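Beneath this line is the structure, given in structure tokens, with notes to follow.
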Amino acid sequence: MPAPFAWIRAEPHGIHVAPADCWIDPSQPVERARVTHGHGDHARGGHGQTVATPATLAIMELRYATRDGATPVEYGETIRLPGGVEATYIPAGHVLGSAQILLEHAGERVIVTGDYKRRADPTCPPFEVTPCDVFITEATFGLPVFCHPPVGQEIAKLLKALRDHADRCVLVGAYALGKAQRLIAELRGAGHHEPIYLHGAMERMCRLYEEFGVDLGDLRLVSDHSKDDLRGAIVICPPGALNDRWSRRLPDPITAMASGWMRVRQRARQRNVELPLVISDHADWGELTRTIEDVNPAETWITHGREEALLRWCQLHQRRARALALAGYEDEDD
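Per this note's numbering, the sequence shown runs over residues 10 to 343.
Take a look at the structure:
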């Protein structure tokens, strides 16, 4: 009789579902890939077949020019894989299109979360708690020091800086997929309906979000406007452009960055960030531990991030757990 969960294995370049001979978020091209979301440490081109939500497939086509072999699956839809495996895609609350993948085989249930968060996000469906036997979770912010503040508090800081410096602009570094669109949507929800200006690299992803029904309001390109047009405005750019020559066209920008890593002061100083905004699309320590309690699996497997601290927490709470040695997963500026 095979050992429990012997049909699913953690390999250095991904999670291998042996009976179906497919991979979850493989870090190298494979014949059959099941992808949780569109960030580059989980989604890559070159697969023979890619199964993901329609939004994730659209993101992958935009970013990696992947079209051949794309197979869409809706949230809540169960698909049958070879070898008697069933897969169901469940909202993960991370970014547009992000999904947990529930795998069922031989009476056993395994969930691969990909990346996730538990907080409300106006740009994507919320994380759904789903019972399972093995819960394979990320641990990007898997240290007790990481306790993300309320998003509204950080948005209020941004808007106050804008009001206090009407002759300047606030330049916010935000990751191009997910963080930028969430930041814009949160600003709109807080009543900021003025034009928001974009670095050219942000436009196509914002338009894709709009195609999927996410209202981002009046967005304009910095390149189409004069320096005076940008006074008193919010400008959003990739983190790498914060201190780039490109920013010299802006009116004395206040540099900000939206990231869970802004909790670490040294990270803010390294990027010359004046206004750190602790806004994350990953679960913080409290969300990680609460999710394990809510799901209540027989075992927890911990992928990328601060695995050892979360592993120790599980041990202290008499929960079976182990850390996985996966390669190629990074936090991409959160």
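Backbone N, C-alpha and C fix where the C-beta goes; we use that ideal spot for every residue, glycine too. None of the values given here were measured: they were computed from a predicted structure.
Could you tell me which of Glu195, Leu333, Gly151 sits nearest to Cys133, measuring between CA atoms? Along the sequence shown, read from residue 1 onward, the residue named residue 133 stands at position 124. Nearest C-alpha to Cys133: Glu195.
Does the Cβ of Arg280 have 16 or more other Cβ atoms within 10 Å, making it buried, or fewer, making it exposed? In the sequence shown, the residue the question calls residue 280 occupies position 271. Arg280 should be labelled buried.
Can you list the alpha helix (DSSP H) stretches of 4 or more residues lying completely in the region 118 to 178, in chain order? 160 to 173
Span of the alpha helix (DSSP H) around Ala318: Mapped onto the sequence shown, residue 318 falls at position 309. It spans 316 to 325 - the alpha helix (DSSP H) in which Ala318 sits, taken as one unbroken run.
Select from Gly295, Leu167, Leu105, Thr298 the residue whose C-alpha is nearest the C-alpha of Arg197. To locate residue 197, count along the sequence shown from 1; it is residue 188. With distances taken between Cα atoms, Arg197 lies closest to Leu167.
Here's a check: name, in chain order, each residue in its chain whose Cβ is nearer than 6 Å to the Cβ of Cys178, leaving out the five neighbours to either side. Within the sequence shown, residue 178 is the residue found at index 169, counting from 1. Taken in chain order, the residues that qualify are Leu239, Ala242, Val244, Leu259, Pro260, Pro262.
DSSP state of Leu105 mapped onto helix, strand, coil: Residue numbering aside, residue 105 sits at position 96 when the sequence shown is read from its first letter. Reduced to three states, the DSSP call for Leu105 is coil.
Taking the CB atoms as reference points, tell me whether Pro100 and Glu137 lie closer together than 8 Å. Working through the sequence shown from its first residue, we reach residue 100 at position 91. Working through the sequence shown from its first residue, we reach residue 137 at position 128. Closer than 8 Å, so yes.
Straight-line CA distance for Gln275 to Lys169? Indexing the sequence shown from 1 puts residue 275 at position 266. Indexing the sequence shown from 1 puts residue 169 at position 160. Cα to Cα, the separation comes out at about 24 Å.
Assign Pro159 to one of two classes, buried (16 or more other C-beta atoms within 10 Å of its C-beta) or exposed (fewer than that). Locating residue 159 in the sequence shown gives position 150, counting from the first residue. So Pro159 counts as exposed.
I'd like the list of long-range same chain contacts for Gly57, defined as Cβ closer than 6 Å, with 5 residues on each side in sequence excluded. Working through the sequence shown from its first residue, we reach residue 57 at position 48. These residues qualify, in order along the chain: Glu40, Gly78.
Examine the Cβ distances between the region 11 to 29 and the region 113 to 121 and report whether three or more of them are shorter than 8 Å. yes
6 Å Cβ shell around Ala330 - same chain, five flanking residues per side excluded: Taking the sequence shown and counting its residues from 1, the one referred to as residue 330 is at position 321. Here the set comprises Thr309, Leu320, Cys323.
Residue interval of the alpha helix (DSSP H) (run including Ala189): Translated into the one-based positions of the sequence shown, residue 189 becomes position 180. Segment 188 to 198, the alpha helix (DSSP H) holding Ala189.
Would you kindly work out how many angstroms separate the C-alpha atoms of His201 and Leu228, rounded to a whole number? To locate residue 201, count along the sequence shown from 1; it is residue 192. To locate residue 228, count along the sequence shown from 1; it is residue 219. Going from the Cα of His201 to the Cα of Leu228 covers about 12 Å.
With which residues is Leu284 paired in a DSSP beta bridge? Taking the sequence shown and counting its residues from 1, one reaches residue 284 at position 275. Per DSSP, Ala265.
Beta strand (DSSP E) runs contained entirely in the region 43 to 71, provided each spans 3 or more residues: 58 to 61
Leu297, enclosing alpha helix (DSSP H) - first and last residue: Residue mapping note: residue 297 aligns to position 288 of the sequence shown, counting from 1. Looking at the DSSP string, the run of the alpha helix (DSSP H) that includes Leu297 is 294 to 304.
Apart from the five residues just before and just after Ala334, which ones in its own chain have a Cβ nearer than 8 Å to its Cβ? Locating residue 334 in the sequence shown gives position 325, where the first residue counts as 1. For Ala334, where only same-chain residues beyond five positions count, the Cβ hits under 8 Å are Ala19, Pro21.
Taking all protein chains shown into account, decide if Asp124 is buried (16 or more other Cβ within 10 angstroms of its Cβ) or exposed. Here residue 124 is taken as the residue at index 115 of the sequence shown, counted from 1. So Asp124 counts as buried.
Kindly list the residues whose CB is nearer than 6 Å to the CB of Ala318, restricted to its own chain and excluding five residues on each side of it in sequence; keep chain order. What you label residue 318 is simply residue 309 of the sequence shown in a count that begins at 1. Cβ neighbours of Ala318 beyond the five flanking positions: Gly151, Leu152.
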